Amino acid sequence: MDKPLRIVIAKPGLDGHDRGAKVVARALRDAGHEVIYTGLRRTPAQIIETVRDEDALLLGLSSLSGAHGHLFPRICETLRENNMGDVIVFGGGIIPEDDRSALFQAGVKAIFGPGTSTEEMVAFIETAVERNDAGVGSDTDWHWTGLS
Amino acid sequence: MQAWAAIPTGIGLGFLEVMFLEQLMSLAREGDRRALARLLSSIENGEAVLETEIDPSDEWKILALTGPPGVGKSCLLDRLLHVWTEEGMKIGVLAVDPSSPRSGGALLGDRVRMTVVDHPEKKELVYVRSVATRKSSGSVPSVVQEMAACLLVTGWDKVIIETVGAGQSEVRCAAVADRIVLIEGPARGDGVQAEKAGLLELADAILVNKSDLPGAERHANELRESLQLGNETPPEVQLVSALKGDGIDEAAALLMGLKQTSRAERARWRERILSHHERQILNHSEFNTILTNLEEGLIGFDEAYTKLRDANE
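Residue numbers (the numbering used here), protein chains in the order written: chain A, 82 to 229; chain B, 10 to 322.
In structure tokens form, the structure reads like this:
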């Protein structure tokens, strides 16, 4: 690949578990992408500034604390407010099935729970960057529904 | 001043592309960080080549912080940035981490150490960009020089390049930086290590980090002793602790005041030539194809090398 994708992997909120985020970061690195890891306990504003300064096209959010319902939509909203609607947002961690549709509506394009294969994540990224409606600012309701 | 030169493939930039880059440039000058980040990506991806001439002056514009892995380069840089921004300086940081030679991917983690980007006022005065080495060898890819120039023409006062964790003979940073600062730490071997040739000879200053740990002072003394054996004025060796904050103000002042010396001049030119040559080869449109052909045994080394070399002449 001539142009590696730049991806920010972030841990928003008060959550000290980053094993999952590191596994994802590592898998994306091994798939040939450039991954910027933010470290623990970032605020939505800090995460967005990182995406902006690093010119990342994708943002992966990891949450195991139960605050995803508050933090993920807030981050999506702030991205849109800051004219960064082309950024593709995906999430992972402990996200109950019942919470997911609200997150998709907020602009998150994929949710990866425990047990997701790294191949699936890489496939999502490759699919999403080819589409023109995967950005967080897009109006369509496309989201990842798994490997077909 | 700057101009947009032809892209490396030799096709040249079309009118629209130049318009777009000019637009990004003027937005970046006005403080639009997204535009700046985009501009840097275009340069990094080889989609645009920025030709600049930075006015030569006794004051440095680009400084490289280099040293072995884990010696505390990022943490120390964060401390220094706190001091420099306190004084109102606008500083761009290009933090380089290695790309995987197998997958081409990279995990860029220098930013994790940076607390200055979270400071409510100081963050406006700092721009931190993580850079992967991509295909190039050495501790700093040559495109970093253009990225640094881009920061300078868009209103940043100084650029600090944090290199990949570098070994004894890793002197490529001389190609891109006006000054080189070597970061060392305790428990890095005995006095003989300090006598060995290499990076140590090019450093304009040496900071021995982790002064809170035993052995740091002894290592600093060994370095000083070794450097005094030479004929020229030895560079300063200072003890610092990024963890405790000891010696940071002094180090910040020392680095800002570093004067031009001639000790690295020849090495600088040599590294520039090598770096340029390497980039020409890496940017060759058929580079990947040639590598694949070599791998599959379809062509021999001589043929491959001749192909890569001749196209550049």
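Virtual Cβ for every residue (Gly too), placed ideally from N, Cα, C.
All values derive from a computational prediction rather than experimental measurement.
Cβ of A:Gly173 within 8 Å of any chain B Cβ: Position 92 of the first sequence, counted from the start, is the residue given in the question as residue 173 of chain A. No - not a single Cβ of chain B is within 8 Å of the one on A:Gly173.
Among B:Met28, B:Gly76 and B:Ala212, nearest to B:Asp187 - alpha-carbon criterion: Here the question's residue 187 of chain B lines up with position 178 in the second sequence. Closest option to B:Asp187, Cα to Cα, is B:Ala212.
Nonlocal neighbours in the same chain, by C-beta distance under 7 Å from B:Thr142, ignoring five residues either side: Mapped onto the second sequence, residue 142 of chain B falls at position 133. Closer than 7 Å at the Cβ level, and outside the excluded window around B:Thr142, lie Val105, Pro107, Ser108, Pro150 and Val173.
Cut-off 7 Å between Cβ atoms - residues of its own chain near B:Ala261, not counting five sequence neighbours on either side: Working through the second sequence from its first residue, we reach residue 261 of chain B at position 252. Same-chain partners within the cutoff: Leu89, Val92 and Trp93.
Distance between B:Glu312 and B:Met265 (C-alpha atoms, nearest Å): If you number the second sequence from 1, residue 265 of chain B lands on position 256. If you number the second sequence from 1, residue 312 of chain B lands on position 303. Going from the Cα of B:Met265 to the Cα of B:Glu312 covers about 49 Å.
Where B:Ala251 meets chain A, residues with beta-carbon distance less than 7 Å: Here residue 251 of chain B corresponds to residue number 242 of the second sequence, with the count starting at 1. Result: empty, since nearest Cβ-Cβ is about 16 Å, beyond 7 Å.
Listed by chain order, chain B residues near A:His114 by CB distance under 9 Å: Walking along the first sequence from the start, residue 114 of chain A turns up at place 33. Here the neighbours are Ser112, Gly113, Gly114 and Ala115.
Range covered by the alpha helix (DSSP H) that runs through B:Trp258: Along the second sequence, read from residue 1 onward, the residue named residue 258 of chain B stands at position 249. Here residue 258 of chain B is Asp; the residue named in the question, Trp, does not match the sequence. It spans Ile257 to Met265 - the alpha helix (DSSP H) in which B:Asp258 sits, taken as one unbroken run.
C-beta atoms of B:Ile52 and B:Val168 nearer than 8 Å: Within the second sequence, numbered from 1, the residue matching residue 52 of chain B stands at position 43. Within the second sequence, numbered from 1, the residue matching residue 168 of chain B stands at position 159. No, they are not a contact pair.
Within chain B, partners of A:Met165 - CB distance below 8 Å: Within the first sequence, residue 165 of chain A is the residue found at index 84, counting from 1. Ordered by position in chain B, the residues that pass the 8 Å Cβ test against A:Met165 are Arg43.
Residue closest to B:Val121, alpha-carbon to alpha-carbon, out of A:Arg87, A:Ile117 and A:Asp220: Translated into positions along the second sequence, residue 121 of chain B becomes position 112. It is A:Ile117 whose Cα lies nearest to the Cα of B:Val121.
Minimum C-alpha distance to A:Lys84 - residue among B:Val80, B:Glu193, B:Gly113 and B:Ser35: As a working mapping, residue 84 of chain A is identified with position 3 in the first sequence. When only C-alpha atoms are compared, the closest one is B:Gly113.
Beta-carbon contacts of B:Glu155 that lie in its chain and below 6 Å, excluding the five residues immediately before and after: In the second sequence, residue 155 of chain B corresponds to position 146, counting from 1. Within the same chain, B:Glu155 has close Cβ partners Ile52 and Leu59.
Beta carbon of A:Leu142 nearer than 8 Å to that of A:Pro195: In the first sequence, the residue the question calls residue 142 of chain A occupies position 61. In the first sequence, the residue the question calls residue 195 of chain A occupies position 114. Taking 8 Å as the Cβ cut-off, A:Leu142 and A:Pro195 do not qualify as a contacting pair.
Environment of B:Lys268 [buried if 16+ CB atoms lie within 10 Å]: By one-based count along the second sequence, residue 268 of chain B stands at place 259. The residue is exposed, with fewer than 16 neighbouring Cβ atoms inside 10 Å.
Positions along the region 91-125 of chain A whose CB lies within less than 8 Å of some CB in chain B: Ala106, Arg107, Leu109, Arg110, Asp111, Ala112, Gly113, His114, Glu115, Val116, Ile117, Tyr118, Thr119 and Gly120
Interface partners of A:Arg133 on chain B, CB under 8 Å: As a working mapping, residue 133 of chain A is identified with position 52 in the first sequence. Under the 8 Å cutoff, chain B gives Arg42, Arg43 and Ala46.
Chain A residues whose Cβ lies nearer than 8 Å to that of B:Val190: Walking along the second sequence from the start, residue 190 of chain B turns up at place 181. Result: empty, since nearest Cβ-Cβ is about 24 Å, beyond 8 Å.
Per-residue contacts from A:Glu207 into chain B (C-beta, under 7 Å): If you number the first sequence from 1, residue 207 of chain A lands on position 126. By Cβ distance, chain B contributes nothing, its closest Cβ being about 14 Å from A:Glu207, past 7 Å.
Close Cβ partners of B:Thr163 (< 8 Å) along its chain, the five nearest in sequence each way excluded: As a working note, residue 163 of chain B is residue 154 in the second sequence. So the qualifying residues of the chain are Met34, Ala37, Arg38, Leu45 and Leu48.
DSSP beta-bridge partners of B:Tyr136: Position 127 of the second sequence, counted from the first residue, corresponds to residue 136 of chain B. According to DSSP, which records beta bridges pairwise, B:Tyr136 is partnered with B:Gly101.
Residues sharing a beta bridge with A:Tyr118, DSSP: To locate residue 118 of chain A, count along the first sequence from 1; it is residue 37. According to DSSP, which records beta bridges pairwise, A:Tyr118 is partnered with A:Ile90.
Distance CB(B:Pro244)-CB(B:Leu238) smaller than 8 Å: Working through the second sequence from its first residue, we reach residue 244 of chain B at position 235. Working through the second sequence from its first residue, we reach residue 238 of chain B at position 229. Not closer than 8 Å, so no.
Chain-order list of residues whose beta-carbon lies under 8 Å from that of B:Lys132 (same chain, five-residue window excluded): Position 123 of the second sequence, counted from the start, is the residue given in the question as residue 132 of chain B. Taken in chain order, the residues that qualify are Val125 and Val126.
Span separating the alpha-carbon of B:Glu95 from that of B:Gly309: The residue labelled residue 95 of chain B in the question sits at position 86 within the second sequence. The residue labelled residue 309 of chain B in the question sits at position 300 within the second sequence. So the two alpha carbons sit approximately 58 Å from each other.
Check whether A:Ile156 and A:Ile175 have beta carbons under 8 Å apart: Here the question's residue 156 of chain A lines up with position 75 in the first sequence. Here the question's residue 175 of chain A lines up with position 94 in the first sequence. No; because the gap between Cβ atoms is not below 8 Å, this pair is not in contact.
Chain B contact residues for A:Glu201, given Cβ-Cβ distances below 8 Å: To locate residue 201 of chain A, count along the first sequence from 1; it is residue 120. None at all; the shortest Cβ gap to chain B is about 17 Å.
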